[in-house]
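Engineer:
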Amino acid sequence: MQQLTVVISGFDHYDGVDVNPCVEVPRALAQRGVAFDVSQPPFDEADGGFGVTVHAVSLPVSYTRAWAVLHEALESVHPDIVIATGLKHTARGVMLERCATNQISDGRPDADGMAPPTGPIREDGPAAYWTRLPLRSILRDFAHDGVPASLSSDAGTFVCNSLFYRLLDWTARQDHVLSGFVSLPRVAEDGTSDGATGAAQGHGVPLEHLIEACGDVVRETARYRLEPSSGDILIA
Numbered sequence: 001m002q003q004l005t006v007v008i009s010g011f012d013h014y015d016g017v018d019v020n021p022c023v024e025v026p027r028a029l030a031q032r033g034v035a036f037d038v039s040q041p042p043f044d045e046a047d048g049g050f051g052v053t054v055h056a057v058s059l060p061v062s063y064t065r066a067w068a069v070l071h072e073a074l075e076s077v078h079p080d081i082v083i084a085t086g087l088k089h090t091a092r093g094v095m096l097e098r099c100a101t102n103q104i105s106d107g108r109p110d111a112d113g114m115a116p117p118t119g120p121i122r123e124d125g126p127a128a129y130w131t132r133l134p135l136r137s138i139l140r141d142f143a144h145d146g147v148p149a150s151l152s153s154d155a156g157t158f159v160c161n162s163l164f165y166r167l168l169d170w171t172a173r174q175d176h177v178l179s180g181f182v183s184l185p186r187v188a189e190d191g192t193s194d195g196a197t198g199a200a201q202g203h204g205v206p207l208e209h210l211i212e213a214c215g216d217v218v219r220e221t222a223r224y225r226l227e228p229s230s231g232d233i234l235i236a
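First residue of the sequence shown? That's 1 in the UniProt record's numbering, and the numbers climb one at a time after it.
#1: Span of the beta strand (DSSP E) holding I83?
#2: Measure the C-alpha to C-alpha separation of C22 and R225 and round it to an integer number of angstroms.
#3: Measure the C-alpha to C-alpha separation of P126 and A100 and round it to an integer number of angstroms.
#4: Tell me, please, which residues DSSP counts as bridged to A56.
#5: Per DSSP, what are the beta-bridge partners of E24 in this structure?
#6: Keeping to the same chain, check which residues put their C-beta closer than 7 Å to that of F164; ignore five residues upstream and five downstream.
#7: Within its chain, find whatever has a CB closer than 7 Å to the CB of I138; leave out the 5 residues flanking it on each side and keep chain order.
#8: Taking contact to mean 3 or more Cβ pairs, one atom from each stretch, closer than 8 Å, check whether the region 69–80 and the region 111–126 are in contact.
#9: Using C-beta distances below 7 Å, list every residue in its chain close to Y14, excluding the 5 sequence neighbours before and after it, in chain order.
#10: Quick one: what's G119 bridged to in DSSP?
#11: Just to confirm before moving on: does the CB-CB distance between R92 and P42 stay below 8 Å?
#12: For V159, does the count of other Cβ atoms within 10 angstroms reach 16, so buried, or fall short, so exposed?
#13: Between which two residues does the alpha helix (DSSP H) holding Y224 run?
#14: Is it buried or exposed for P117, if we count other Cβ within 10 angstroms and need 16 for buried?
#15: Are the CB atoms of V61 and P185 within a distance shorter than 8 Å?
#16: Roughly how many angstroms lie between the CA atoms of L4 and L167, to the nearest whole one?
#17: For G10, which residues from the same chain have a beta carbon less than 6 Å from its beta carbon, with the 5 sequence-adjacent residues on both sides left out?
#18: Just confirm the distance between the C-beta atoms of A56 and L29, as a whole number of angstroms; I'd bet it's less than 8 Å.
#19: CA-CA distance, T157 and G33?
#20: From A128 to V17, what does the alpha carbon distance come to, in whole angstroms?
#21: Can you have a look at V38 and say buried or exposed, based on whether 16 or more other CB atoms are within 10 angstroms of its CB?
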């Protein structure tokens with residue numbers, strides 16, 4: 001049986017946020033699992049069947065501790081796919097991050113009260129890394145499922161970007177591991193939204209829609225992992 005291991009991480013606390021999608025979405029996917037249509041390729045061709053195990057990891061909003069916690073989990077379970085999530089308060093939908101930059105310049109203190117000086121995340125590292133998620137096919141799934149979504153050029157210069165950069169730096173030294181970062185909007189307080197304008201009126205997206213969206217990310221990344229196609233990667 002073909003078995004893939006997925007790690008989905010999320011930051012464990014945001015001030016003023018009662019329902020944190022970065023905790024709830026990874027937890028739900030780990031508990032429920034992710035369904036695949038094994039009658040469709042490439043999953044139908046997997047030797048003896050196909051399955052995915054999802055591990056949820058909660059991270060502190062900390063420059064130093066977030067990567068340490070995630071790295072420990074990665075070294076423990078040896079995943080095939082890693083999806084990091086963060087909360088983007090102003091987002092109107094799910095945002096697929098294309099790039100992690102080698103830069104810290106936000107100035108805000110993290111959960112440890114630390115505000116690193118402006119500068120590179122890794123002194124000898126490349127200026128940026130591109131995501132390894134198949135954004136084009138993920139966006140197709142989002143459109144089919146009615147998930148409001150867009151591409152984002154980068155994850156800013158705060159802890160989200162720092163984690164994303166370190167994750168891709170780690171990924172660059174692994175064999176056949178795919179990873180990326182997904183920014184989630186706030187959860188809709190009334191459980192409803194009206195698509196692209198939902199955040200403006202209800203300020204958020206229903207939690208079940210976000211769980212479904214991240215399930216799409218897992219499915220399409222697993223498909224790409226088994227049957228790579230350069231056409232599925234969208235970085236421009």
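Just so you know, even glycine gets a beta-carbon here, dropped at the ideal spot from N, CA and C.
Structural biologist: In terms of the structure at hand:
#1: 81–87 is the span of the beta strand (DSSP E), which, as asked, contains I83.
#2: Each residue's Cα considered, the two are about 24 Å apart.
#3: Distance between the alpha carbons of P126 and A100: 10 Å.
#4: DSSP output for A56 lists I8 as bridge partner(s).
#5: Per DSSP, none; premise fails for E24.
#6: Same-chain partners within the cutoff: A84, E97, A100, A155, F181.
#7: Excluding residues within five positions, the ones whose Cβ falls inside 7 Å are L96, D216, V217, E220.
#8: No, the region 69–80 is not in contact with the region 111–126.
#9: Taken in chain order, the residues that qualify are N20, L87.
#10: DSSP, once it has assigned bridges, lists I104 as partnering G119.
#11: No, they are not a contact pair.
#12: So V159 counts as buried.
#13: 207–226 is the extent of the alpha helix (DSSP H) around Y224.
#14: Looking at its Cβ environment, which holds fewer than 16 other Cβ atoms inside 10 Å, P117 is exposed.
#15: No; because the gap between Cβ atoms is not below 8 Å, this pair is not in contact.
#16: Rounded to whole angstroms, L4 to L167 spans 19 Å at the Cα level.
#17: Same-chain partners within the cutoff: C22, V23, P26, T85.
#18: Between the beta-carbon of A56 and that of L29 there is about 7 Å, and that keeps the pair under the 8 Å contact cut.
#19: Whole-angstrom Cα-Cα distance: 32 Å.
#20: Cα to Cα, the separation comes out at about 30 Å.
#21: Counting Cβ neighbours within 10 Å, V38 comes out exposed, since fewer than 16 surround it.
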